Every structure is written in C-alpha cells, then in structure tokens.
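Numbering (my numbering), first residue to last: 2 to 80. Where is the CB? At the ideal position from N, CA and C, for every residue including glycine. The structure displayed is predicted, hence computed values, not measured ones.
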Amino acid sequence: MKTTLNLRFDKDTIEAAKEYASRKQTSISEIVEAYLKKLTSREKKKNFVSDSLIGVLKEYKSLTDEEIKTLYIKGKHNA
C-alpha cells in the first residue's frame, strides 16, 4: 500500500534531485524509497549480528587487555 509523505528540502537540493531522477529515468519518490529500504535493511542486519553476540564474552569481562591478548596469541599458535 502506498501512502503520501511530505518532506521539506531547500530549493537547490530539490532541483538537483529532479535532474538526477530525470537522468536516471526514475522519480524522486522511487529514489527516496530505495534509499530508506536499503538504510533500514542494513540496520536490521547489523542488529541481527550484534544481538547474536550478546553475552558471548561474559567470561572474559574480568580479564585485562593484556590477558586477553595473551589468550588470543596462544589460541592463534595452537590452531
């Protein structure tokens, strides 16, 4: 379902957007819609990955940076 959204931009931005849309044989609405879809889908993907990592490093919370570095190096050489 399509709905209307009113946005305000300065005149130069609107003129540049109209010229760009004309060159690309599309509309400003289609450009903005594609941008918003891409923007929000990237955010969902980003949140999905970060949500899956929550709590993974709890056991290392009390370690110092140096201790974590040592564990990393040991693990790298044992692999």
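Which of helix, strand or coil does DSSP assign to S63? Three-state DSSP puts S63 in coil, outside helix and strand.
Is the distance from the Cβ of A22 to the Cβ of I15 below 8 Å? No, the Cβ-Cβ distance between A22 and I15 is not below 8 Å.
Under the assumption that I29 contacts K19 (Cβ atoms under 8 Å), give the Cβ distance between them as a whole number of angstroms. The Cβ separation is near 7 Å, so the contact holds.
Going straight from the alpha carbon of I74 to that of S63, what length do you get? Approximately 18 Å between the Cα atoms of the pair.
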